[in-house]
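Chemist:
Number of protein chains: 4
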Amino acid sequence: MNVSRKSFASDNNSGVHPAILQAIATANEGHAIAYGDDPITARAVEKLREHFGEEIDAYFVYGGTGANVLGLKQIARPHHSIICPETAHIHNDECGAPEHYTGCKLLTVPSNDGKLTVEGVQRHLHGFGFEHHSQPKVISISQATELGTVYTPEEIRALADLAHRHGMLLHMDGARLCNAAAALDAGLREITTGAGVDVLSFGGAKNGLLIGECVIFFRKELSADFKFTRKQGMQLMSKMRFVAAQYEAYLSGDLCLRLAKRANRTAGSLAAEVEKIPEIQITQPVQSNAVFAILPKEAIEELQRQFFFYVWNEETSEVRWMTSFDTNGDDVMDFVQCIRIVMNKYLR
Amino acid sequence: MNVSRKSFASDNNSGVHPAILQAIATANEGHAIAYGDDPITARAVEKLREHFGEEIDAYFVYGGTGANVLGLKQIARPHHSIICPETAHIHNDECGAPEHYTGCKLLTVPSNDGKLTVEGVQRHLHGFGFEHHSQPKVISISQATELGTVYTPEEIRALADLAHRHGMLLHMDGARLCNAAAALDAGLREITTGAGVDVLSFGGAKNGLLIGECVIFFRKELSADFKFTRKQGMQLMSKMRFVAAQYEAYLSGDLCLRLAKRANRTAGSLAAEVEKIPEIQITQPVQSNAVFAILPKEAIEELQRQFFFYVWNEETSEVRWMTSFDTNGDDVMDFVQCIRIVMNKYLR
Amino acid sequence: MNVSRKSFASDNNSGVHPAILQAIATANEGHAIAYGDDPITARAVEKLREHFGEEIDAYFVYGGTGANVLGLKQIARPHHSIICPETAHIHNDECGAPEHYTGCKLLTVPSNDGKLTVEGVQRHLHGFGFEHHSQPKVISISQATELGTVYTPEEIRALADLAHRHGMLLHMDGARLCNAAAALDAGLREITTGAGVDVLSFGGAKNGLLIGECVIFFRKELSADFKFTRKQGMQLMSKMRFVAAQYEAYLSGDLCLRLAKRANRTAGSLAAEVEKIPEIQITQPVQSNAVFAILPKEAIEELQRQFFFYVWNEETSEVRWMTSFDTNGDDVMDFVQCIRIVMNKYLR
Amino acid sequence: MNVSRKSFASDNNSGVHPAILQAIATANEGHAIAYGDDPITARAVEKLREHFGEEIDAYFVYGGTGANVLGLKQIARPHHSIICPETAHIHNDECGAPEHYTGCKLLTVPSNDGKLTVEGVQRHLHGFGFEHHSQPKVISISQATELGTVYTPEEIRALADLAHRHGMLLHMDGARLCNAAAALDAGLREITTGAGVDVLSFGGAKNGLLIGECVIFFRKELSADFKFTRKQGMQLMSKMRFVAAQYEAYLSGDLCLRLAKRANRTAGSLAAEVEKIPEIQITQPVQSNAVFAILPKEAIEELQRQFFFYVWNEETSEVRWMTSFDTNGDDVMDFVQCIRIVMNKYLR
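Protein chains in written order, with this note's numbering: chain S, 1086 to 1433; chain C, 1086 to 1433; chain V, 1086 to 1433; chain H, 1086 to 1433.
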């Protein structure tokens, strides 16, 4: 298997967009004060304000797990609970970092499409004031979800209102926020603070950045002392300008949305082609850059010999295919062609 | 103050060495499996083995605090104590991350030169087996130290033997390991595992890398399950190849030592020039890339208006000046010239 | 409401059995070395060995949450997960202490009767070796369960075998272990280590003790360094003899089983009487000292004005009634009489 | 060695005062709601208010380590530091519980007499606002100290003022608070909140209680959500009435002060007698119930064969002798007689 062939395994198997790499090179001029007290970081934060609003408080960190964990740690004490769908990245893919480093309990809600609903959350909203019970404090959602689906602003607002009615906060894991924005044709602000989100992990590594994530607090009273939490949380980069420069470029001229749109579009193409193969069942609406599909186990194995990708659910024989900012039409056609050959062979 | 003027504030105010930047660009070819399961990471680990020995187990992480904390967490349980000099980075500069994230107690030893001695450590070696007392488990040293001094291999060996005699382990914070190696004209292996070190944080960001640090275990039985600790510890980079590529370049053709030598040499030049100014007292032997000096408070303030650097000790009016891989003779001369003018003005 | 009237709210609303109080008074002779290095503690451990086997390692702690958390902390590292029924005390009633103080993730299994099944556990047994996934390490069950049901030795053995096949361990919350033993007419050893349990929280406060709980490791290699974990875990009592004396008395002449039998018997009587009231539905098999029943919301409220007890499930109008070692036939008759009057009034 | 002979090892080697034991027996009447929602707990809190003031918020916990750790956890976040003398119980005798369970750094101040001074604390009061530095937040003192010395109200006030000027808080470990009050002939309020203390661990187990400690917040805004921290912190006792009843008795008719006075008085007698032996050097002012003395190593060993006590400092051959509420004049005379015989033998 040629690993460097563009895979459909994950959007973080792709590399760095040339404009991002150029921004890093450009930032490499002389000395700059470390830890973010430099002009590039200041400019990047300004760019964030353009997109998310003047009142934000934004902090760059190394990666997505760090962004989620420290953002949650900032708004929850250890006796609190965090409610998320059972498909959440914070529940499945961070090796228990949220529990270990926030001290909080995670409460999960079953979900077929990766989304939380008001009804689903409500069954965990009890025991307030009862000292034996972890106190519900945060609702956490991913936009786009781990299943490639996208919350509408109204759906987010409903969850935000539910949270706020109970003195709780709404956290968003935005590792693929731009894919969601591109899918909805909405602005970043509209689907975050505009819909009631309180704290956001705003990622870029799945959409053309080399490294870096940003924790954004939409109200300044939420971020008090966060700089200490970031440093103690091992997420303060010394040569900060090189993350900031990426974000500055990423947010300029809507590069972030253009890249996301491209990834979404090729996912759509892939889905459209795959749908023509009757033996393959697409299991989730293809709203961002993921395609989930059920196909025969033997076909999966044969296909994996040629393309690297992950089986999502062994039991149901469901796979996940993801497109990246650099996936193009030819890549999709190659892959689809390969799928067809394998399916024909298998079905024959 | 022109911040981008090469400062003598810190070796992480410098940028990225061109060969490192080139390595990043070269690594940006097509897709690669995320999280380190890629050929560049494999090659970088091979390079580490060339320098540190075949038997190592090495893990890339984001930064120095993460490397120290997770390396220590791996070898100590929360009821253990970690003995370090009171000048240690893990004690002063990581915002309590070691305590919070390992659960261990830090026990400090007074030190004039940033180094631990056998005698200094021994006063903490009691209470073994007594359940009310945090059990001494790790001795942690920095090489080079935070005061720019360098342990000889024999000094390290003495501490390693002391540790091992008590069932303890020796941890080394090697944020400036190459500066120490350059100073001693020794190999990296010789001053680490060759001298009895068990676990090492091997940094590069203070010597020309953009980002990244490496936790190296010198015996495989020490590293069991560390991959989970790294992921849970928010230090697993998705696009790992871009850190690995830096290390591969850094360790090729002894780039790491050449850069460190350069920084050490300019620190030596700076010290030699400053020594000629009788009103300035150099307070530490200049063995690596740091110069510590006492000068009049008013002179410090005037000088800081032109060059950014840190006061190390307000009380004693002591400053720290650091050189970087990119500091050159002209930078030193400019700075010395400025020091002379300020001192003359102040002394007049 | 007369609170000191024997309530059916919880078995820890009862007081201390006279023999236990006498043992405390008897232990109050002269001085004894603190923290457990005294002859009474030695004798109590000997009693534990009589019941649980020679090879145990036993540690007294203050209470049930401490016993569960520290027992689990001893056998799991933070990157591990702990699988329990969604009704577990460790999940619902310890305010997130297990997550905060072990660092582990809790994974829950839906359960109608408070018990785990092999099938229920198996859906969490995946992702072994995958660093993004909390590694399954412990299965935790309560005996008797929080719903008053009791595992047979065969059911425990099946879960133990499942755990051990996967390199995992079986933990038992035995806050009501004696009630289970009495229900099964089995020995304490038979339903713990005899059935494959690795670590046990052995409580007594719900069965006539004043305070105290015991963490029992059934294989000595599991308990290394636990004395430090207990002390650091704030669970080492200074005047240990006064907990040990209780356990010595509790385990002498099978007092523990006699008291449990009494509580179970009155629960049985209560259930038998309540079953005669057709409008009340008993929802769980009454195997130990709890009766779960659904009755009209208005009846619950009226009844609560006279007897203190808890609503288990607001939605289904289900209550929990518990009997204690000191509940007698008259108490049951009083309570049943009251229930009848209330139900008649409500139904009229 | 007859262990039950009244030892001079520790004040928690003594038993329970009869009035306390009686209070426990009296509390054992019928049922009471668990976890503190009972009339005895209400009365005990009322008694605390009589002694400490109406505005307190008080919480019973199991023991001293729990009281200290949870009190500190309540007022400090993990990025904070806690300043204490190097002799502090929280630093030496709690197996690192404060670091592990609060996440904070402990900063120690050298101390010859167990007390903190304003000057000693001040050297740690820097780095405010600097994110690399644990932020100083709490000053913690023990009253009486671990060396048996006692702070005057003025000394406490000076430390409180220092703390408050820096936005910090003053915590007091009052495991032997009554001994200090007795020594000063002062009220409990006068030497705590009256002198500026913000949070207190108020112990009794070293002065005649069986078990239990109380965390007292002197301003209600400091205690928000503490009930969750206590429960999650494994320090919520189910049968709370039995701790509360002890405190009610302890605080009635000044029993607590009478017992402390007795212990102090016998320590004074012991010191007076020992001072007559010229070869023994008393090393600390005997202000409460401890006597620290240097005597020849061989004499220590011989004496320990007859009386159990601890060597405080192996190097200096210093021992600690403590008296308890139940130590009487005859005990002192026996012990002194034994010391004399041993010293004579050794000196001959």
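Every residue, glycine too, gets a C-beta built ideally from N, C-alpha and C.
#1: Under 8 Å between beta-carbons, which chain S residues line up against residue 1092 of chain C? List them in chain order, please.
#2: Grab the span of the beta strand (DSSP E) containing residue 1403 of chain C for me, first residue to last.
#3: Per DSSP, what kind of secondary structure is residue 1098 of chain S in: helix, strand or coil?
#4: Using a beta-carbon distance below 8 Å, is residue 1169 of chain C in contact with chain H?
#5: Quick one: is residue 1158 of chain H near chain V, going by C-beta distance under 8 Å?
#6: Excluding the 5 residues flanking residue 1354 of chain H on each side, which residues of the same chain have their C-beta closer than 8 Å to its C-beta?
#7: Residues of the segment 1204-1220 of chain V in Cβ contact with chain C at a cutoff of 7 Å, in chain order, please.
#8: With a CB to CB cut of under 8 Å and the five nearest residues on each side skipped, what residues in its chain are close to residue 1366 of chain V?
#9: Can you grab the Cα-Cα spacing for the pair residue 1189 of chain H / residue 1144 of chain H, in whole Å?
#10: Rank V:1098, V:1432, V:1137 by C-alpha distance to the C-alpha of residue 1271 of chain V and give the top, closest one.
#11: May I ask you to report which of helix, strand or coil DSSP gives residue 1429 of chain S?
#12: Would you kindly report the start and end of the unbroken beta strand (DSSP E) that includes residue 1222 of chain C?
#13: If the criterion is Cβ atoms closer than 8 Å, does the pair residue 1331 of chain V and residue 1155 of chain V meet it?
#14: Comparing alpha-carbon positions, which option in V:1179, V:1223, V:1107 lies nearest residue 1285 of chain V?
#15: Quick check on residue 1136 of chain C - is its C-beta less than 8 Å from some C-beta in chain H?
#16: In the DSSP assignment, the beta strand (DSSP E) including residue 1193 of chain H goes from what residue to what residue?
#17: Hey, how far is the Cα of residue 1328 of chain V from the Cα of residue 1346 of chain V?
#18: At which residue ranges does the segment 1097-1166 of chain V contain complete alpha helix (DSSP H) runs of 4 or more residues, listed in the order of the chain?
#19: According to the neighbour-count rule (16 or more other Cβ atoms, all chains shown, within 10 Å of its Cβ), is residue 1087 of chain C buried or exposed?
#20: Which same chain residues, not among the five before or five after residue 1397 of chain S, have their C-beta less than 7 Å away from its C-beta?
#21: Comparing C-alpha positions only, which one of H:1191, H:1202, H:1395 sits nearest to residue 1237 of chain H?
#22: Using CA coordinates, which residue listed in S:1363, S:1362, S:1297 is at the minimum distance from residue 1126 of chain S?
#23: I want to know whether the segment 1209-1228 of chain H touches the segment 1169-1182 of chain H - three or more CB-CB distances under 8 Å.
#24: Identify each residue in the segment 1290-1324 of chain C for which the Cβ-Cβ distance to at least one residue of chain V is less than 8 Å, and report them in chain order.
#25: Since residue 1128 of chain S contacts residue 1306 of chain S with CB under 8 Å, what's their CB separation in whole angstroms?
#26: Checking the sheet assignment: what are the DSSP bridge partners for residue 1434 of chain S?
#27: From residue 1114 of chain V to residue 1247 of chain S, what does the alpha carbon distance come to, in whole angstroms?
#28: What span of residues does the beta strand (DSSP E) with residue 1255 of chain C cover, start to end?
#29: Rounded to a whole number of angstroms, what is the C-alpha to C-alpha distance between residue 1263 of chain S and residue 1095 of chain S?
#30: Pull up the DSSP beta-bridge partners for residue 1318 of chain V, would you.
#31: Mind checking the segment 1170-1195 of chain V against chain H and listing, in chain order, the residues whose C-beta falls within less than 8 Å of any C-beta there?
#32: Around the C-beta of residue 1252 of chain V, are 16 or more other C-beta atoms found within 10 angstroms, so that it is buried, or is it exposed?
#33: Report the option in H:1164, H:1180, H:1121, H:1142 whose CA atom is closest to the CA atom of residue 1318 of chain V.
#34: For the beta strand (DSSP E) that residue 1285 of chain H lies in, which residues bound it at each end?
#35: Work out the CA separation of residue 1324 of chain S and residue 1089 of chain S for me, nearest whole Å.
#36: Counting C-beta neighbours from all protein chains within 10 Å, is the total for residue 1349 of chain H 16 or more, i.e. buried, or is it exposed?
Modeler: On the basis of the supplied data:
#1: Along the second sequence, one-based indexing puts residue 1092 of chain C at 7. Chain S residues near residue 1092 of chain C: 1116, 1118.
#2: The residue labelled residue 1403 of chain C in the question sits at position 318 within the second sequence. Taken as a continuous stretch (DSSP letters only), the beta strand (DSSP E) holding residue 1403 of chain C covers 1403-1407.
#3: Within the first sequence, the letter at position 13 stands for residue 1098 of chain S. DSSP places residue 1098 of chain S in coil when its eight states are reduced to three.
#4: Translated into positions along the second sequence, residue 1169 of chain C becomes position 84. For residue 1169 of chain C, the answer is no, since every Cβ of chain H falls outside 8 Å of its Cβ.
#5: The count along the fourth sequence starts at 1 and reaches residue 1158 of chain H at position 73. With 8 Å as the cut-off, residue 1158 of chain H does not count as an interface residue toward chain V.
#6: Locating residue 1354 of chain H in the fourth sequence gives position 269, where the first residue counts as 1. Excluding positions up to five away in sequence, the list reads 1414, 1417.
#7: 1216, 1217, 1220
#8: As a working mapping, residue 1366 of chain V is identified with position 281 in the third sequence. Once the five neighbours on either side are set aside, the close Cβ partners of residue 1366 of chain V are 1378, 1379, 1380.
#9: The sequence position of residue 1189 of chain H within the fourth sequence is 104, counting from 1. The sequence position of residue 1144 of chain H within the fourth sequence is 59, counting from 1. If I take the Cα positions, the gap works out to 22 Å.
#10: Here residue 1271 of chain V is taken as the residue at index 186 of the third sequence, counted from 1. Taking only the C-alpha atoms, the option nearest residue 1271 of chain V is V:1137.
#11: Indexing the first sequence from 1 puts residue 1429 of chain S at position 344. Of the three classes helix, strand and coil, the one that applies to residue 1429 of chain S here is helix, per DSSP.
#12: Translated into the one-based positions of the second sequence, residue 1222 of chain C becomes position 137. Element bounds for residue 1222 of chain C: 1220-1227.
#13: As a working mapping, residue 1331 of chain V is identified with position 246 in the third sequence. As a working mapping, residue 1155 of chain V is identified with position 70 in the third sequence. Not in contact: residue 1331 of chain V and residue 1155 of chain V (Cβ atoms no closer than 8 Å).
#14: Within the third sequence, residue 1285 of chain V is the residue found at index 200, counting from 1. It is V:1223 whose Cα lies nearest to the Cα of residue 1285 of chain V.
#15: In the second sequence, residue 1136 of chain C corresponds to position 51, counting from 1. For residue 1136 of chain C, the answer is no, since every Cβ of chain H falls outside 8 Å of its Cβ.
#16: Working through the fourth sequence from its first residue, we reach residue 1193 of chain H at position 108. Its beta strand (DSSP E) spans residues 1190-1194.
#17: By one-based count along the third sequence, residue 1328 of chain V stands at place 243. By one-based count along the third sequence, residue 1346 of chain V stands at place 261. Roughly 23 Å separates the two Cα atoms.
#18: 1103-1112, 1124-1137, 1149-1160
#19: Taking the second sequence and counting its residues from 1, one reaches residue 1087 of chain C at position 2. Model confidence at residue 1087 of chain C stands at a pLDDT of 44, short of 50, so the residue's coordinates are unreliable; what they give is reported in the following sentence. It is exposed - the Cβ of residue 1087 of chain C has fewer than 16 other Cβ atoms within 10 Å.
#20: Reading the first sequence from its first residue, position 312 is the one you call residue 1397 of chain S. Only 1377, 1403, 1404, 1405 meet the Cβ criterion.
#21: The count along the fourth sequence starts at 1 and reaches residue 1237 of chain H at position 152. Taking only the C-alpha atoms, the option nearest residue 1237 of chain H is H:1202.
#22: Indexing the first sequence from 1 puts residue 1126 of chain S at position 41. Selected option, being the one with the closest Cα: S:1297.
#23: yes
#24: 1310, 1312, 1313, 1314, 1315, 1316, 1317, 1321
#25: Position 43 of the first sequence holds residue 1128 of chain S. Position 221 of the first sequence holds residue 1306 of chain S. Not really, about 25 Å apart at Cβ, beyond 8 Å.
#26: Residue coverage of chain S in this structure runs from 1086 to 1433, which leaves residue 1434 of chain S outside it and unanswerable.
#27: As a first step, residue 1114 of chain V is located in the third sequence; it is residue number 29 there, counting from the start. As a first step, residue 1247 of chain S is located in the first sequence; it is residue number 162 there, counting from the start. Residue 1114 of chain V and residue 1247 of chain S: Cα-Cα distance of roughly 60 Å.
#28: Position 170 of the second sequence holds residue 1255 of chain C. It spans 1254-1259 - the beta strand (DSSP E) in which residue 1255 of chain C sits, taken as one unbroken run.
#29: To locate residue 1263 of chain S, count along the first sequence from 1; it is residue 178. To locate residue 1095 of chain S, count along the first sequence from 1; it is residue 10. Their backbone Cα atoms lie some 16 Å apart in a straight line.
#30: One-based indexing of the third sequence puts residue 1318 of chain V at position 233. None, per the DSSP bridge assignment.
#31: 1179, 1180, 1181, 1182, 1185, 1186
#32: Start at 1 with the first residue of the third sequence, and residue 1252 of chain V comes out as number 167. That one is exposed.
#33: Walking along the third sequence from the start, residue 1318 of chain V turns up at place 233. Of H:1164, H:1180, H:1121, H:1142, the residue nearest in Cα terms is H:1180.
#34: In the fourth sequence, the residue the question calls residue 1285 of chain H occupies position 200. Residue 1285 of chain H -> beta strand (DSSP E) spans 1284-1288.
#35: On the first sequence, residue 1089 of chain S is found 4 positions in, with the first residue counted as 1. On the first sequence, residue 1324 of chain S is found 239 positions in, with the first residue counted as 1. Per-residue confidence for residue 1089 of chain S stands at a pLDDT of 49, beneath the threshold of 50, marking its modelled position as unreliable; the derived number appears in the next sentence. Near 29 Å, if we compare the C-alpha coordinates of residue 1324 of chain S and residue 1089 of chain S.
#36: For the purposes of this step, residue 1349 of chain H is taken as residue 264 along the fourth sequence, with counting starting at 1. Residue 1349 of chain H should be labelled buried.
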